[in-house]
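Scroll down for the structure; my scribbles are underneath it.
In our numbering, the protein residues as written are 97 to 316.
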């Protein structure tokens, strides 16, 4: 194009104007011949210098394929557009339960961006197994690049997700008492057990699930 004496910069705005006439999302599904035909229909003055530039570039299929790939990359920039389709187990969200919708929203919120995020009682509408088996791993991964704050009574978010800092709020004589500590702090082990309903409740569940029995068998 340079050899032919074209000044691309001078015609850049006109080229963009006509390329925009064909919706980007439509280009991704077009074949080369379809695209050229559609482009021709948008341009009345076939003698214009910018038209000759466009034809020279896009008449070659390899150039069209590159253009299409660039459009796909542009359209899939989720961070920029925040527009995407979310599916849960291959189902559209309108076909899922309320709890599954909440799960999908939480996954999206945690996965996108790097700004601090505060979520109040995420366990309210979520399945316990899902929290333990999937969300905990996602939280551990995402907390490396953003600050995640949960207001929660659920042990999975605090213990299994390896909370960096735990801030405990208590009501003592109608006054809010705030304490902060780490998971490793022995002095607060009892407070952490309260997330499981207390030591007795924890041991009761352990017996019912047969965990103690299994441990004894393994030792034998």
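Where a beta carbon is used, it is the ideal one built from N, C-alpha and C, also for glycine.
Three-state secondary structure assigned by DSSP to residue i
i	result
residue 222	coil
residue 97	Bear in mind that a pLDDT of 39 at residue 97, under 50, signals an unreliable position, so the model cannot answer this.
residue 215	strand
residue 259	coil
residue 164	helix
residue 279	coil
residue 312	Confidence in residue 312 is poor, its pLDDT being 49 and thus under 50, which makes the residue's placement unreliable; the coordinate value appears in the next sentence. If DSSP states are grouped into helix, strand and coil, residue 312 belongs with the helices.
residue 195	helix
residue 136	helix
residue 250	coil
residue 210	coil
residue 129	helix
residue 170	helix
residue 152	helix
residue 306	coil
Per DSSP, cross-strand counterpart(s) of residue i
i	result
residue 265	274
residue 183	188
Residue i: first and last residue of the uninterrupted alpha helix (DSSP H) it sits in
i	result
residue 233	232–238
residue 288	285–289
Beta-carbon separation (whole angstroms), residue i vs residue j, contact threshold 8 Å
i	j	result
residue 250	residue 219	4 Å
residue 273	residue 262	Not really, about 14 Å apart at Cβ, beyond 8 Å.
residue 265	residue 234	Actually they are not in contact, since the Cβ atoms of residue 265 and residue 234 sit about 26 Å apart, beyond 8 Å.
residue 279	residue 259	6 Å
residue 167	residue 123	5 Å
residue 192	residue 217	Actually they are not in contact, since the Cβ atoms of residue 192 and residue 217 sit about 20 Å apart, beyond 8 Å.
residue 200	residue 232	About 17 Å separates the two Cβ atoms, so there is no contact after all.
Where the beta strand (DSSP E) containing residue i begins and where it ends
i	result
residue 247	244–247
Any non-hydrogen atom of the ligand ADP within 6 Å of residue i CB
i	result
residue 258	Only the bare structure without any ligand can be found here, which leaves the ligand ADP out of the picture.
Contact between the stretch 206–221 and the stretch 237–250 (3+ Cβ pairs under 8 Å)
yes
Does the contact criterion of 3 or more C-beta pairs under 8 Å hold for the stretch 195–208 versus the stretch 163–171?
Fewer than three pairs of CB atoms, one per stretch, sit closer than 8 Å, so the stretch 195–208 makes no contact with the stretch 163–171.
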